[in-house]
Amino acid sequence: LRGVKRLLFDPVKMAAELTRIIKDPFEAKHLPIKNLKFTEDETKIRFEVTSSIEEEEKVEEKVGEKEEKKKAAVPEKKKKKKKIFYFEYDLRTGKLTHLKDYKKPPKRPKWASISPDKKWVVFARHHNLFMMDWENYQKCLKDPKDKTIKEIQLTTDGVEGYSYARTQRGISDQEREKNKDKRQAVSIIWSRDSRKFAMIRSDERQVKKLWVINSLAKPRPTLETYSYAMPGEEHLPQREILIFDIYERSRVKVKAERFKDQYLSIQRARRLASSRDDDYVPSLWLSETSDKLYFTRTSRDLHRVDVCVADTSTGEVKVLIEERMNTYIDTQPLVLIGNGREMIWWSERDGWGHYYLYDGQGRLKRQLTSGPYSCRGIEGVDEKNRVLYFTACGREKDEDPYYLHLYRVSLDGGPVKLLNPGNYNHYVSFDDKNLFFVDNFSRVNTVPESVLRDNQGRVILKLEKADLSLLFAAGYKFPEPFKVKAADGITDLYGVMYKPFDFDESKLYPIIAYVYPGPQTESVPKSFSVRRGNTALAQFGFIVICVGNRGGSPMRSKWYHTYGYGNLRDYGLADKKAAIEQLAARYPFIDIDRVGIYGHSGGGFMTAAALLNYPDFFKVGVASSGNHENNIYNNWWSEKHHGIKEIQDEEGKVRFEYKIDKNSELAKNLKGHLLLVTGDMDNNVHPANTLRLAYALIKAHKRFDMFIMPGQRHGFSDLNEYWFWIRADYFCRHLIGDWQDSVDIIQLRKEKEMDEQK
Numbered sequence: 004l005r006g007v008k009r010l011l012f013d014p015v016k017m018a019a020e021l022t023r024i025i026k027d028p029f030e031a032k033h034l035p036i037k038n039l040k041f042t043e044d045e046t047k048i049r050f051e052v053t054s055s056i057e058e059e060e061k062v063e064e065k066v067g068e069k070e071e072k073k074k075a076a077v078p079e080k081k082k083k084k085k086k087i088f089y090f091e092y093d094l095r096t097g098k099l100t101h102l103k104d105y106k107k108p109p110k111r112p113k114w115a116s117i118s119p120d121k122k123w124v125v126f127a128r129h130h131n132l133f134m135m136d137w138e139n140y141q142k143c144l145k146d147p148k149d150k151t152i153k154e155i156q157l158t159t160d161g162v163e164g165y166s167y168a169r170t171q172r173g174i175s176d177q178e179r180e181k182n183k184d185k186r187q188a189v190s191i192i193w194s195r196d197s198r199k200f201a202m203i204r205s206d207e208r209q210v211k212k213l214w215v216i217n218s219l220a221k222p223r224p225t226l227e228t229y230s231y232a233m234p235g236e237e238h239l240p241q242r243e244i245l246i247f248d249i250y251e252r253s254r255v256k257v258k259a260e261r262f263k264d265q266y267l268s269i270q271r272a273r274r275l276a277s278s279r280d281d282d283y284v285p286s287l288w289l290s291e292t293s294d295k296l297y298f299t300r301t302s303r304d305l306h307r308v309d310v311c312v313a314d315t316s317t318g319e320v321k322v323l324i325e326e327r328m329n330t331y332i333d334t335q336p337l338v339l340i341g342n343g344r345e346m347i348w349w350s351e352r353d354g355w356g357h358y359y360l361y362d363g364q365g366r367l368k369r370q371l372t373s374g375p376y377s378c379r380g381i382e383g384v385d386e387k388n389r390v391l392y393f394t395a396c397g398r399e400k401d402e403d404p405y406y407l408h409l410y411r412v413s414l415d416g417g418p419v420k421l422l423n424p425g426n427y428n429h430y431v432s433f434d435d436k437n438l439f440f441v442d443n444f445s446r447v448n449t450v451p452e453s454v455l456r457d458n459q460g461r462v463i464l465k466l467e468k469a470d471l472s473l474l475f476a477a478g479y480k481f482p483e484p485f486k487v488k489a490a491d492g493i494t495d496l497y498g499v500m501y502k503p504f505d506f507d508e509s510k511l512y513p514i515i516a517y518v519y520p521g522p523q524t525e526s527v528p529k530s531f532s533v534r535r536g537n538t539a540l541a542q543f544g545f546i547v548i549c550v551g552n553r554g555g556s557p558m559r560s561k562w563y564h565t566y567g568y569g570n571l572r573d574y575g576l577a578d579k580k581a582a583i584e585q586l587a588a589r590y591p592f593i594d595i596d597r598v599g600i601y602g603h604s605g606g607g608f609m610t611a612a613a614l615l616n617y618p619d620f621f622k623v624g625v626a627s628s629g630n631h632e633n634n635i636y637n638n639w640w641s642e643k644h645h646g647i648k649e650i651q652d653e654e655g656k657v658r659f660e661y662k663i664d665k666n667s668e669l670a671k672n673l674k675g676h677l678l679l680v681t682g683d684m685d686n687n688v689h690p691a692n693t694l695r696l697a698y699a700l701i702k703a704h705k706r707f708d709m710f711i712m713p714g715q716r717h718g719f720s721d722l723n724e725y726w727f728w729i730r731a732d733y734f735c736r737h738l739i740g741d742w743q744d745s746v747d748i749i750q751l752r753k754e755k756e757m758d759e760q761k
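Residues 4 to 761 (this note's numbering) are what the sequence shown spells out, left to right.
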């Protein structure tokens, strides 16, 4: 490795060549290159450029379609589109070739699960499994309705609710009925030799339904029905693992039954870095051979996890590792050494997330990592030299414990070695041979950098340092990391503060907390990014913060992560309040009498809970898509993070008991200004969560504000800009006393005009 870098191509020469061939003017700093990909040998790159030339869109006639049009006397509609030019650039010679006769390969249909050897394609229709060979698949790409296509039916027992097809979410009942005869996608995992595939089939026939209505559908609103199990309900999906043999046309059911209402997960092989440009990468099961299938099964209360291996010919199961805990158990993917001669398993059994080495029979050989830090993921295993490469956080002293680093450790035991030092948050990308990795690092208040290192941690090449000069010239200023104590006065909490770019320390500013309680993440940024709504919100004249809380993140100890277990509504609130109080005492520019709070999803839930638990402290809240009633949120998330009690009677029959506090129970406490928001098509956190809280507030004779986002799912995807201005205006009105009364949101109009000018 020479340790030098060069441009992939000369942009000036490239612009000149593209101009010469396409006859459109191009400039080196604005090359409209799209879909750039390496050829298989990585000696060339291919890409496309859209020109200004308009041409008739060529639509390939399907079999019999032309005659049908003639009979129906359908007039031909000539559609126009911009001509696309395809190119190949030789990295060695610098030669650019116009691929005049190139035909872009047809996109893989979503229903097609292709075997690794590209001989077979599996799909579903009418809830059953089918397959076809490669020749018939090619016919299907040309014309899905070709009557000469031969399909092989593998099952006949599939029915609605107990289907072999992948569950369809986010489509109307009308659309589902329309597509019922079409091929459907399946969720299957292939053996590497392409002989077998496995799947988890779910029986949801007893699971209760939920509905949302698309009021914007034309010509009439449409209904969307879906299965949705809620916490504590009697009927949950019943899962089974099935293994199919392509050549014998046979199937085996894995004998996985152990826990009532258990969860099942098939262990998969890691995706190779070299497959990054592949249009389709089949999902492969973990074992290198087709005779073994590794999977985990988890009890409904998530207190018990078994790591198992199944014989794919008989379905017989052997338990290799058993995890038991009094709170929920988190897991990471199992890793095999020597195709199962040894195994690496992650566990929090000692209170921290660490790696353990087992033999192939499930006997513990040694603990590979230990100490008060959390291992977050395996980046690679060098089996020949017996080295494990992994990321972890919290190991380096005097650093934010959330900062990720890369480490190596011998599988035979020994010290852990840090490979990318530096007080930053690091993201790494390893090559498949575990020889080199790209290290991207920054903090919220530093310029991002990238270097290339070898597997000993030596810097081979400094790759890039971002140029933020234009950003700073426009007035940008970094946010500021901070550390405070939790409400217990002991636990350290870490956060980020955003100030107005024209900040004046002699002024007094309202403070707004952006919140998300976790437990799966705290949503506190650790790396540089300009894509932060908090930065924009601060420019109205606010101090905006986000800070962690006990129970918020899995990246610290198990104690920290499960702090809120059994108290899902209130566990993080005292820490948010304590953090704001400490910051106000530390910085005289913060007005402790003007405190706002906002969040989305779990953050919306937390926002409302904050105003209802501490009504004299939090004065203004904006709660969007909040799961205010966790008894009607999805069963898995609520039961996992709050807890569900398993009760076994004298006859051995198991039932479950679930109780949880709800925001609506505190409606009488509201004193501040609260804006509730939900999308009317949210099929994740159902609008009923917001509507039930609204009804409780009405019954408590409270004034509050409410906004329904028409046609929106959980994330308000195509109304995000509008949503930002509604939120900002609400805080300006109630924390600053300065807002716009104009019906038009002028800023959005200006943005639209600028987009139209482009």
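Where is the CB? At the ideal position from N, CA and C, for every residue including glycine.
Cβ neighbour criterion (16 or more within 10 Å) applied to residue i
i	result
Thr372	buried
Gly67	The pLDDT assigned to Gly67 is 49, lower than 50, so where the model puts this residue is not dependable, and the model offers no usable value.
Asn448	exposed
Asp309	buried
Val162	exposed
Arg186	buried
Arg752	exposed
Tyr250	exposed
Nearest residue (CA-CA) to residue i, options the options
i	options	result
Ser604	His130, Ala612, Gly629 and Ala611	Gly629
Lys480	Met500, Phe29, Gln370 and Gly567	Met500
Asp763	Ala539, Tyr574 and Phe621	Past the edges of the chain, shown from 4 to 761, lies residue 763, and the structure says nothing about it.
Pro112	Ser166, Asn437, Pro375 and Asp282	Asp282
Pro513	Val447, Ile493 and Ile583	Ile583
Arg128	Ala611, Leu679, Ser667 and Lys183	Lys183
Val487	Gly97, Leu239, Arg589 and Pro418	Arg589
Phe133	Ser194, Phe200 and Ile174	Phe200
Leu367	Asp385, Gly356, Gly374 and Ile347	Ile347
Leu289	Thr315, Ile739 and Gly575	Thr315
Pro482	Lys256, Trp742 and Ser532	Ser532
Leu10	Glu58, Arg95 and Gly536	Arg95
Arg274	Asp457, Gln715, Ile192 and Gln750	Ile192
Pro424	Asp248, Lys579 and Asp442	Asp442
Cys311	Asp44, Gln270 and Asn131	Gln270
Lys258	Pro285, Phe298, Glu319 and Leu267	Glu319
Span of the alpha helix (DSSP H), counted from its first residue to its last, around residue i
i	result
Gln585	Leu576 to Arg589
Asp176	Asp176 to Lys181
Trp562	Lys561 to His564
Ala612	Gly605 to Asn616
His645	Asn638 to His645
Trp726	Asn723 to Phe734
Arg23	Pro14 to Ile25
Gln141	Trp137 to Lys145
Enclosing beta strand (DSSP E) for residue i [first to last residue]
i	result
Ser253	Ser253 to Lys256
Phe393	Val390 to Cys396
Gln715	Segment: none, Gln715 is in no beta strand (DSSP E) and carries neither H nor E.
Val338	Val338 to Ile340
Val308	Arg307 to Asp314
Lys85	Lys83 to Asp93
Leu679	His676 to Gly682
Give a yes or no on contact between the stretch 270-278 and the stretch 605-621, applying the rule of three or more CB pairs nearer than 8 Å. Contact between the stretch 270-278 and the stretch 605-621 is absent: fewer than three C-beta pairs spanning the two stretches fall below 8 Å.
Unbroken stretches of the beta strand (DSSP E), 3 residues or longer, contained in the stretch 382-443: Taken in chain order, the unbroken stretches of beta strand (DSSP E) that lie wholly in the stretch 382-443 and span 3 residues or more are 390-396, 407-413 and 428-433.
What runs of the alpha helix (DSSP H), each 4 residues or longer, lie entirely inside the stretch 159-244? Taking only runs of at least 4 residues, the alpha helix (DSSP H) segments lying wholly in the stretch 159-244 are 176-181.
If you scan the stretch 516-550 from start to end, which runs of the beta strand (DSSP E) of 3 or more residues do you find wholly inside it? Counting only runs of at least 3 residues, the stretch 516-550 fully encloses the following beta strand (DSSP E) elements, listed from N- to C-terminal order: 546-550.
With a threshold of 8 Å, are at least 3 pairs of Cβ atoms found where one atom belongs to the stretch 658-668 and the other to the stretch 321-332? Verdict: no, contact absent.
Would the stretch 192-212 and the stretch 148-158 be scored as touching if the rule is three or more Cβ pairs under 8 Å? Pairwise C-beta distances place the stretch 192-212 out of contact with the stretch 148-158, as fewer than three of them are shorter than 8 Å.
Under 8 Å: do the stretch 563-578 and the stretch 644-651 share three or more Cβ pairs, one atom per stretch? Result yes; three or more Cβ-Cβ pairs closer than 8 Å.
contact_flag[the stretch 206-214, the stretch 163-171] where n(CB pairs < 8 Å) is 3 or more: Output reads yes: the stretch 163-171 touches the stretch 206-214.
Go through the stretch 471-522 residue by residue and report every complete run of the alpha helix (DSSP H) that reaches 4 residues or more, in order. Runs of the alpha helix (DSSP H) inside the stretch 471-522: 472-476.
Does the stretch 541-552 come close enough to the stretch 669-686 that 3 or more CB-CB pairs lie under 8 Å? Contact fails: fewer than three Cβ-Cβ distances are below 8 Å.
Does the contact criterion of 3 or more C-beta pairs under 8 Å hold for the stretch 230-238 versus the stretch 254-263? Contact fails: fewer than three Cβ-Cβ distances are below 8 Å.
Determine contact between the stretch 379-393 and the stretch 414-422, defined as no fewer than three beta-carbon pairs at a distance below 8 Å. A contact exists between the stretch 379-393 and the stretch 414-422.
Three or more C-beta pairs below 8 Å linking the stretch 525-544 and the stretch 560-569: Cβ pair count under 8 Å is below three, so no.
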